[in-house]
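In the working numbering, the protein residues as written are 26 to 415. Glycine is no exception: its CB is placed at the ideal position from the N, C-alpha and C atoms. Here the structure comes first, spelled out in structure tokens, and everything after it is commentary.
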Amino acid sequence: MHASGEFQSLMDKYLTNSITATEKELLFAMIRSRQHLPVLEKVVDDALGTPIEVTEDIALREEIFAYIKAQNQPVKKISPWPRYAAAAAILLLIATGAYYWLQPPSKVPAPAAGYISTAKPGANKAILILADGSSIALDSSGKQQLQQGGTSIHQQGSQLKYDVQSSTPGVSYNVLRTPRGGQFQVTLPDGTKAWLNAASSVRYPTAFTGKERRIEITGEVYLEVSPFNAGAAENMPFVVVSAHQQVTVLGTHFNINAYEEEGATSTTLITGKVRVSAQSGNAGVILAPDQQAVTTHNGAITTIPVRQVETSKVIAWKNGYFDFEEERLAVVLRLLSRWYNVDFEADPAMLNLKFSAVISRSSQISDVLSLLSATGAVKFREEGNKIKVY
């Protein structure tokens, strides 16, 4: 396919929400190459209904943002996304994929010295708490081997793996905990793989025995559950318990977001089948792939609505990205706070502002804040050990 035809095809997929993560990366790279301005200009014209010259002008981004913000009626849609204008999608594309094309690195202002400039992106780090209460700091440079009863524990870089070599009487539990600004991966004794996002934890036995495999989590964890048998006639159910929800599976891939500050626990199914129930005793629901169950933290009243979701956005954190669409500023700030280990302070009236972006989690926080500031809706400044949003 000719390069311009490939670019147009990727643009069409982007606007119909059918683009893959790999294709999205390619599209962003093609935009940064500056070789497809006529096609991009035409799509912007079609989306906004008015000509806008796509040039290497830093004012372009602010112009498009201002245009969309000023509209009282929805702009013409050329995609099926409910309440999501194609113009906003183009804007997102420009703001994320072409950010350094519109504002070359030489023109990016250097971050002010202090809290923002010293905040680093998260990294592979965690604390392993053993059954006897002792703890071990883990990071991506580590390599070690431990023995707990009949279970061998290996650390190789950012991964921890448990191998059951022989059965032992009694059950010992370990806890793997990531701080703000940390993430880690562990392979449990049954072969199940767990990825922990920042400020998360998982508690598990060093060997699974009995009629079920039960673990407890806080924060956000992505799981690929192994169909473990242990010699029984049927697979041992895998049960994940959080403060407000319980998920029962046999073998599947799914994500649980159980951060207490989010006010709800959400389980998103990637493949397989799971049953999600509330800790309050709700009978629960069975999810199919691409479905999400949400348990609201509303005192004694707990509901589990089910909805279709775009799973690539839900597990973007595991793949190294922030990917949010029409997300409230309050949620965006919590995501950044956990990953960069910084604290924000914002006027409550601003917290319902909505933003869309696809951003690498390896980006410096100064670049992320510059991107958000480019909307004209928010600005950031350091005040002591906090970042003020105004």
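- G207 has A148 as its beta-bridge partners, per DSSP.
- Annotation: T176 to F209 spans about 20 Å, alpha carbon to alpha carbon.
- No Cβ-Cβ contact shorter than 8 Å links R228 with V265.
- Y284: not part of any beta strand (DSSP E); DSSP gives it neither H nor E.
- Rounded to the nearest whole angstrom, the CA to CA distance from A156 to L213 is 15 Å.
- Contiguous beta strand (DSSP E) elements confined to the region 322-406 occur at 331-333, 346-353, 369-371 and 379-385, taking only those with 3 or more residues.
- Rounded to the nearest whole angstrom, the C-alpha separation of L397 and K404 is 8 Å.
- Bounds of the beta strand (DSSP E) holding P230 are S226 to P230.
- The beta carbon of S183 is closer than 7 Å to those of N149, S165, F209 and Q210 in its chain, skipping five residues each way along the sequence.
- A distance below 6 Å between beta-carbons, with the five flanking residues on each side excluded, links Q169 to the following residues of its chain, in chain order: Q180.
- For H179, the pairing in a beta bridge is given by DSSP as Q170 and K186.
- Counted as a single uninterrupted DSSP element, the beta strand (DSSP E) harbouring E245 occupies residues R238 to E249.
- For D215, there is no enclosing beta strand (DSSP E), since its DSSP letter is neither H nor E.
- In the three-state reduction of the DSSP assignment, L153 falls in the strand class.
- Distance from the CA of I412 to the CA of A355, rounded to the nearest whole angstrom, comes to 14 Å.
- Comparing alpha-carbon positions, the option among I242, N323 and S251 lying closest to T292 turns out to be I242.
- Around the Cβ of Q190, a 10 Å sphere holds fewer than 16 other Cβ atoms; the residue is exposed.
- In the displayed model, L275 falls within coil according to three-state DSSP, outside both helix and strand.
- The DSSP-derived three-state label of T292 is strand.
- Of the residues N280, S159, E351 and V367, the one whose Cα lies closest to the Cα of F380 is E351.
- DSSP places Q304 outside both helix and strand once states are collapsed to three, so it counts as coil.
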